[in-house]
Structures are given as C-alpha cells and as structure tokens.
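Comments concern the structure below.
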Amino acid sequence: MKKIIVGTLLSVFSSVVLADDLKCENSYSIFREMTQQRIDIEQSGTAKQYKEYLEKTDYSYLFKNNHPNQIYWAKRWNDVESFIKASSSSIQKIQSEGYKNYYFKMGKPKANFISALGEMCTVPLISKDYFKGIDVYSTFDVVYVRDLKTNEWRKFMYYGVEDRQYLREFFSNDLRRLNLSMGILNGMAYDDFINDMAHKELEKEKIEKEH
C-alpha cells in the first residue's frame with residue numbers, strides 16, 4: 002500500500018514539475034517577433050536577409066549537417082545557390098504584386114510537451130494578407146521547438162504537403178503528438194488553393210494574349 006501511495010505521489014509531483022517546465026504560452030512574444038520578421042522580409046527584404054533569418058530561426062537548420070551546403074525551404078532541401086535564385090525570384094514577385102499583411106494572431110497551443118528533442122509546441126497562426134489582388138485568410142500550424150539547454154526557440158511552419166521522410170527526420174517519434182493540420186487558405190486546403198491560383202493565373206494570361 003505504501004509503495005502505491007509513494008508511486009502516486011511521485012507521479013503527481015513529476016506532472017507538476019513537467020507542467021512548470023513548459024514555457025510555450027509564456028513565449029508568444031518571441032513567436033510574434035519571429036513571424037513579424039518574416040513578414041517584414043517578404044514585404045521589403047532580400048533573399049540574403051531571408052537566408053539569414055532561416056539560419057537564425059528555422060528548426061530545420063539544426064539538421065544542416067545531414068544535408069551539407071543545403072537549406073530547407075519550400076518544403077524540401079535546396080542547394081544554397083538554387084535557394085538564393087529561387088527565393089530572390091519569389092520575394093521579388095511577392096513584392097511586385099503588392100503583398101501586404103493586414104494582421105496575424107496566434108491561437109492556443111494544440112500540443113505542448115517535453116521530449117528528447119526539447120519542448121514541442123504546436124501553435125495555430127491565423128492571418129489576413131493581400132496577395133495577387135485578393136484578400137487571403139489563412140491558418141497554418143507552426144511547431145515551435147525549445148532547446149532545453151539554451152532555451153532558444155526555433156520554428157517550423159507546417160503546410161500539410163511536406164515529404165514524410167523529412168517530417169520523420171525533424172520530429173521522429175513526436176510527429177503524431179504534434180496534432181498537425183493541413184494549412185487552410187480562404188477555406189481551401191493549401192495544395193488546392195495553390196492549384197486554383199495557378200489555374201486562374203493561366204486563364205488571366207490567356208485572356209490577355211487574346212486581347
């Protein structure tokens with residue numbers, strides 16, 4: 002009986018200590034700053050600034066030794082030269098089309114726990130942006146990971162179309178616990194929205210050529 006009581010008390014004590022160790026909900030100011038930095042670069046920055054931003058804040062950067070001379074971007078690993086060219090073109094296109102962020106906000110954590118990888122925290126990022134002549138309402142899950150030794154937070158934005166091998170590399174056995182949902186834009190799944198926008202772009206170009 003004593004063993005049962007002691008075991009129960011230790012279990013309760015461990016749960017309390019673990020809860021006290023979670024810092025996600027008290028770190029939203031850090032998460033907001035990370036998000037604002039990305040928005041600022043997309044609105045008026047350069048590919049070089051974006052590369053520096055990823056190296057400083059992105060969770061995937063911790064796995065760079067597994068992918069020498071590569072950067073994880075656009076849901077895959079890219080060699081640095083290709084990344085600079087592609088991201089430069091992407092940022093210039095976004096800026097030329099008048100991209101603007103109206104607002105963003107963060108929901109309550111969908112998952113928050115400590116594992117061998119650090120503190121894991123899944124936070125919904127809700128935003129309204131202006132892009133390609135339309136208002137875009139979006140919700141994406143962002144995984145924030147805290148190094149338990151340095152207390153440094155890094156982030157990983159989840160779109161829902163990532164290669165599973167990369168997700169397993171990044172999150173290992175914690176993947177299911179993260180409670181991730183596919184990105185939603187204007188009520189459409191991320192990949193459906195992208196395909197719809199591409200189709201409309203082609204139709205627009207076709208009409209312009211006819212006239």
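Count along the sequence shown starting at 1, add 1, and that's the number in my numbering.
Each residue gets a CB set at the ideal place from its N, CA and C atoms; glycine is no exception.
Only a predicted model underlies this, so the values are computations on that prediction, with no experimental measurement involved.
Inset, instruction - Specify, as a first and last residue, the run of the beta strand (DSSP E) that Glu120 falls within. - result: Position 119 of the sequence shown, counting from 1, holds the residue named residue 120. Counting along the chain, the beta strand (DSSP E) containing Glu120 begins and ends at Gly119 to Phe132.
Inset, instruction - Compute the Euclidean distance between the alpha carbons of Leu63 and Gln38, then round it to the nearest angstrom. - result: Within the sequence shown, the letter at position 62 stands for residue 63. Within the sequence shown, the letter at position 37 stands for residue 38. For Leu63 and Gln38, the distance between alpha carbons rounds to 20 Å.
Inset, instruction - In the DSSP assignment, find the unbroken alpha helix (DSSP H) run with Thr58 in it and report its ends. - result: Indexing the sequence shown from 1 puts residue 58 at position 57. Segment Ala48 to Thr58, the alpha helix (DSSP H) holding Thr58.
Inset, instruction - Could you check if Ser61 is buried or exposed, using at least 16 other CB atoms within 10 Å of its CB as the buried criterion? - result: What you label residue 61 is simply residue 60 of the sequence shown in a count that begins at 1. Classification for Ser61: buried.
Inset, instruction - In angstroms with no decimal places, state the Cα-to-Cα distance between Lys201 and Ile208. - result: Stepping through the sequence shown from its first residue, residue 201 is reached at position 200. Stepping through the sequence shown from its first residue, residue 208 is reached at position 207. Roughly 11 Å separates the two Cα atoms.
Legend entry - Through-space distance from Phe32 to Pro110, alpha-carbon basis: Sequence index remark: in the sequence shown, residue 110 carries index 109 (1-based). Sequence index remark: in the sequence shown, residue 32 carries index 31 (1-based). Approximately 12 Å, taken between the alpha carbons.
Inset, instruction - Pick helix, strand or coil for Asp164, following the three-state DSSP scheme. - result: The sequence position of residue 164 within the sequence shown is 163, counting from 1. Residue state, collapsed to three classes: coil.
Legend entry - Under the three-state DSSP convention, the category Met107 falls into: Sequence index remark: in the sequence shown, residue 107 carries index 106 (1-based). Of the three classes helix, strand and coil, the one that applies to Met107 here is strand, per DSSP.
Legend entry - Test item: CB-CB of Lys133 and Met198 under 8 Å: Translated into the one-based positions of the sequence shown, residue 133 becomes position 132. Translated into the one-based positions of the sequence shown, residue 198 becomes position 197. Contact flag set, yes.
Inset, instruction - Would you mind giving the Cβ-Cβ distance between Tyr191 and Gly161, rounded to the nearest angstrom? I have them listed as a contact below 8 Å. - result: In the sequence shown, residue 191 corresponds to position 190, counting from 1. In the sequence shown, residue 161 corresponds to position 160, counting from 1. That belief holds up - the Cβ atoms of Tyr191 and Gly161 are roughly 5 Å apart, short of 8 Å.
Inset, instruction - Determine the direct distance from the alpha carbon of Leu179 to that of Val270, and round the result to whole angstroms. - result: In the structure displayed, the chain extends from 2 to 212; residue 270 sits before or after that span and is not available.
Legend entry - Residues near Ile6 in its chain [Cβ-Cβ closer than 7 Å; skip 5 each side]: On the sequence shown, position 5 is the one that residue 6 refers to. Bear in mind that a pLDDT of 48 at Ile6, under 50, signals an unreliable position, so the model cannot answer this.
Legend entry - Leu203 versus Glu82 - alpha carbon distance: The residue given as residue 203 occupies position 202 in the sequence shown. The residue given as residue 82 occupies position 81 in the sequence shown. Each residue's alpha carbon lies about 28 Å from the other.
Legend entry - Coil, strand or helix - Gly8 by DSSP: Working through the sequence shown from its first residue, we reach residue 8 at position 7. Unreliable positioning characterises Gly8 in this predicted model, as indicated by a pLDDT of 49, which lies under 50. The coordinate reading is nonetheless provided below. Helix, per DSSP.
Legend entry - As assigned by DSSP and simplified to three states, the class of Val18: Taking the sequence shown and counting its residues from 1, the one referred to as residue 18 is at position 17. Here Val18 scores only 42 on pLDDT, less than 50, and its place in the model should not be relied on; the value that follows carries that caveat. For Val18, the secondary structure class from DSSP, reduced to helix, strand or coil, is helix.
Legend entry - Short Cβ contact (8 Å threshold) for Lys57 with Glu120: Within the sequence shown, numbered from 1, the residue matching residue 57 stands at position 56. Within the sequence shown, numbered from 1, the residue matching residue 120 stands at position 119. Taking 8 Å as the Cβ cut-off, Lys57 and Glu120 do not qualify as a contacting pair.
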